[in-house]
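In this note's numbering, the protein residues as written are 103 to 352.
Take a look at the structure:
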């Protein structure tokens, strides 16, 4: 998390895509919905401030509101990524048996993890482990590999905002299943240990709450990820000829 890990194979650096880069091919309508809402919320806040201060709108003010509101989703995304990174760092310290220092913005999410960790019988096998697939040429970093109820499970921690649409409020999406599956494929290639399943653990940033979401069909998730890996390979290989004039040359 945070800065991209540096991957080395046989003493040489590799420039293969990461699991999250591969998943970037997928459409994320929830992210688009969130960005639009945050931009509109920013516009509303500015307009209410102007109304309270009885300031008339001018063309310059309107352009300023539009520019700052368009930038707001990116600002919030960077802030959210920073919080997620620091939550992961704190979790790693807890898994090592130590007590992390918590700032108010990560306290709820970290407390949520500790609640889940203490309430389950878990044997940690790997934490923040870098993985490489030579066969499929990609890299990644799994959050946690643990033995739970006798099965080897790869976990990924999410601190996304709760969903506001649908019955499940956990900020967990379909591409997260592909994510843990990608880590599992690479890990199994590197080791003799079989991974039996994947689990996405949603940690609430606003109040102590955890919602575990197991991947129901791990085999399908693996197949789906490998299909995405191939699609990514072909996508990156596509080039267009630059032709001049109206003639078409093939």
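Cβ atoms here follow ideal geometry from the backbone N, Cα and C, with glycine treated the same way.
- According to the DSSP assignment, residue 334 belongs to the alpha helix (DSSP H) that extends over 320–339.
- Contact between the segment 278–295 and the segment 231–242 is present, with at least three C-beta pairs closer than 8 Å.
- Going by C-alpha positions, residue 259 is about 15 Å away from residue 226.
- Between residue 291 and residue 237, the C-beta gap is smaller than 9 Å, which places the two residues in contact.
- A straight-line Cα-Cα distance of about 13 Å links residue 304 and residue 317.
- Within the segment 197–230, the complete alpha helix (DSSP H) runs of at least 4 residues fall at 206–220.
- For the set 254, 164, 281 and 310, the Cα lying nearest the Cα of residue 294 is the one of 254.
- Around the CB of residue 300, 16 or more other CB atoms lie within 10 Å, so the residue is classed as buried.
- In the structure shown, residue 157 falls within a coil segment according to DSSP collapsed to helix, strand and coil.
- For the pair of segments examined, the segment 323–335 was found to touch the segment 118–131: the number of CB pairs separated by less than 8 Å reaches three.
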